[in-house]
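In our numbering, the protein residues as written are 2 to 314.
First up is the structure itself, then whatever we jot down about it.
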């Protein structure tokens, strides 16, 4: 890479430094600190939500994670209206669940191949895109969340066959996996996998071997619940004594310190912390500027890791 191309990779299409530096997903260069849009499903003020997305772009974010089942297309509509082609934002969505308005859970399993296709079509329509750069296949047989039964128990190979067809048709640019097991990822590698989204944080490092495999295969590791604590019984990064102590020494918040650890832990990590608050957005993005020396990393590495296998139903 020439010095000019290296310099340009540090900037977004709008000419601002990429939040957290430059990473890669699905053959595209993106900010290592991105934005997870799930929390916008509860945002009552549409104009404020769009302004928040615009602010993320101003701060150097060009990787945004979404799903059709976030507010039954509401969040995708916000993204469609907030971003312009010249912003260069890489939108990543997911399939494997459908909106479930009024249900106990806001998503219901939709694992069958024909449902995956329908979900991609729904995402394309609500996002106003001809192609979704990356689509994650959300499995439901590991990690925190729903579990499948009956006709929703579908073999991974059958799902990957459909995802490959959708990629060949140009409806999606690359295939990702979410809630996947190590064995499942290994089986999926021949299909060409761009990223893995699993629950993972400083205090929930059960997927360390999978993270190493992703690094070896140049697959982006995009942890959800990067600070833990999202579900009852799940440990919180911000409660860990080591995190609190290091944060205090740095003059940063425990949340920023936990996010910084993820970026420093492996070079293929991309973050998608979510928020509906502008100040919180700025704090999350600022985590990408934190330098952790060997002493701080050793202290954080010594924090206790817990299980994230917490089924909801």
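Ideal Cβ positions, reconstructed from N, Cα and C, are used throughout, including at glycine.
| Item | Value |
| --- | --- |
| Whole-number beta carbon distance between residue 135 and residue 196, since they are thought to touch under 8 Å | 6 Å |
| Contained beta strand (DSSP E) runs [length at least 3] in the region 27 to 109, N- to C-terminal order | 29 to 32, 64 to 66, 91 to 96 and 98 to 100 |
| Given residue 85 as reference, the closest of 258, 218, 129 and 32 once Cα atoms are compared | 129 |
| Exposed unless 16 or more other CB atoms sit within 10 angstroms - verdict on residue 217 | exposed |
| Buried or exposed by the 16-neighbour rule on C-beta atoms within 10 Å, applied to residue 94 | buried |
| Beta carbon of residue 255 nearer than 8 Å to that of residue 204 | no |
| Sequence-distant residues of the same chain with beta carbon closer than 7 Å to residue 42, five excluded per side | 71, 72, 75 and 76 |
| Bounding residues of the beta strand (DSSP E) (the contiguous stretch that carries residue 132) | Premise fails: residue 132 is in no beta strand (DSSP E) and is neither H nor E. |
| Short Cβ contact (8 Å threshold) for residue 125 with residue 160 | no |
| Buried or exposed (CB count within 10 angstroms, at least 16 for buried), residue 242 | exposed |
| Enclosing beta strand (DSSP E) for residue 177 [first to last residue] | 176 to 179 |
| Those residues which DSSP pairs with residue 194 across a bridge | 176 |
| Beta-bridge pairing of residue 202 - partner residues as DSSP gives them | 205 |
| Where residue 270 sits in the DSSP three-state scheme | strand |
| Cα-Cα separation, residue 191 to residue 246 | 43 Å |
| DSSP three-state assignment for residue 13, whether helix, strand or coil | coil |
| Between the CA atoms of residue 156 and residue 15 - distance to the nearest angstrom | 42 Å |
| Sequence-distant residues of its chain with Cβ nearer than 6 Å to residue 27 (five each side left out) | 134, 135, 174, 175 and 195 |
| Validate contact between the region 103 to 121 and the region 43 to 56 using beta carbons, cut 8 Å, 3 pairs | no |
| Expected contact under 8 Å - CB spacing of residue 29 and residue 61 to nearest Å | About 15 Å; that fails the 8 Å criterion. |
| Residue 208 classed as buried or exposed, judged by whether at least 16 other C-beta atoms fall within 10 angstroms | buried |
| Distance between residue 131 and residue 69 (C-alpha atoms, nearest Å) | 15 Å |
| First and last residue of the uninterrupted alpha helix (DSSP H) at residue 307 | Residue 307 -> no alpha helix (DSSP H), and no H or E assigned at all. |
| Paired residues, beta bridge with residue 229 - DSSP | 237 |
| Same chain, Cβ closer than 7 Å to residue 304, neighbours up to 5 away in sequence not counted | 203, 204, 241, 243 and 244 |
| Delimiting residues of the alpha helix (DSSP H) encompassing residue 185 | 183 to 189 |
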